[in-house]
Structures are given as C-alpha cells and as structure tokens.
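Here it is, written out as structure tokens:
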C-alpha cells in the first residue's frame, strides 16, 4: 500500500468532532475520565495501525489532551463529541496513523479528523469572514 507522508506534529486542531465509544457501546466523556479517554484513543490507534500495516507498532505509547479547554459539540446520553485544540504525546507510528485515519470512533463518517493547523479558520480570516469556530479560547 502507498500512503501519503504526513507531517509529524504533536499539537493540532480537531477539524471535526471526536467521539469515543467503547466496544461495549459506552460513550466516554473527556471531562469525567481524561485518562480513560486517552487510553481508549490509544487502543483504537493500535487497532488501526494493525489493520493498516498488518503488525503491531514497535512503540505503542500515546497520550491525548486538550489544550485550553474544549468545545462540547453534541451532548446527550447517546452522542457525545468534542472539538478543540489538542496535544498528543507518544510514538511517531501512532501519531502518524492519527493524522492519516483520524482519532476516535466513526472516522468513516468524518469524525475525528485532525490537522496541525486550523486552515478553515485561517481561510475565513483571509476572506474577512466574521464566522469563525466557537471555540475561540482553544485558539492561539
């Protein structure tokens, strides 16, 4: 398989909401259990890595954290997702998979898409648009 080389960055922006659902169907909430949320993201990235490369990553370290808060995008007992600026620590293997395939659940539906820069916001600013992301406190 041929993949585009991704720029390795440890900080970035969620361009679409991230959602974490365990195999049991349980929705995880970042603000209640950040360590468990991060671990679920790590496990998900390991699974994606194995599906992509057919082997376990040599280094499976991974931690995720929001920077300067987050925006609760959708909240009810059935659907919980977040946007915001984040930081990832860990192996280049897993962080690269995160940039290639996204983080969290429902990536096939567009959830969990990340970028090292918030180009949508920059594009709107360049056009003089007044409409920017609601998570202004998450921006530098």
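In the numbering used here, the protein residues as written are 5 to 144. All C-beta atoms in this analysis are idealised placements derived from N, C-alpha and C, irrespective of residue type, glycine included.
To the nearest whole angstrom, what separates the beta carbons of residue 52 and residue 105, a pair I think is in contact under 8 Å?
-> 5 Å
DSSP on residue 115, reduced to helix/strand/coil?
-> coil
Pick helix, strand or coil for residue 69, following the three-state DSSP scheme. strand
Spatial neighbours of residue 16 within its chain, please: C-beta separation below 7 Å, excluding the five flanking residues on both sides.
90, 118, 119, 120
In angstroms, rounded to a whole number, what distance separates the CA positions of residue 83 and residue 20?
14 Å
Please report the residue range of the alpha helix (DSSP H) in which residue 109 lies. First-last for residue 109: undefined, no H or E at that position.
* CB residue 115 to CB residue 23, shorter than 8 Å? -> yes
Excluding sequence positions up to five away, which residues of its chain have a Cβ less than 7 Å from the Cβ of residue 43? none
| said: Only counting the same chain, and skipping five residues up and downstream in sequence, which positions put a Cβ closer than 8 Å to that of residue 77? | reply: 21, 85, 86, 87
- Query: Distance, Cα to Cα, residue 14 vs residue 98?
  - Reply: 11 Å
Decide if residue 135 is buried, meaning its Cβ has at least 16 other Cβ atoms within 10 Å, or exposed.
-> The pLDDT assigned to residue 135 is 37, lower than 50, so where the model puts this residue is not dependable, and the model offers no usable value.
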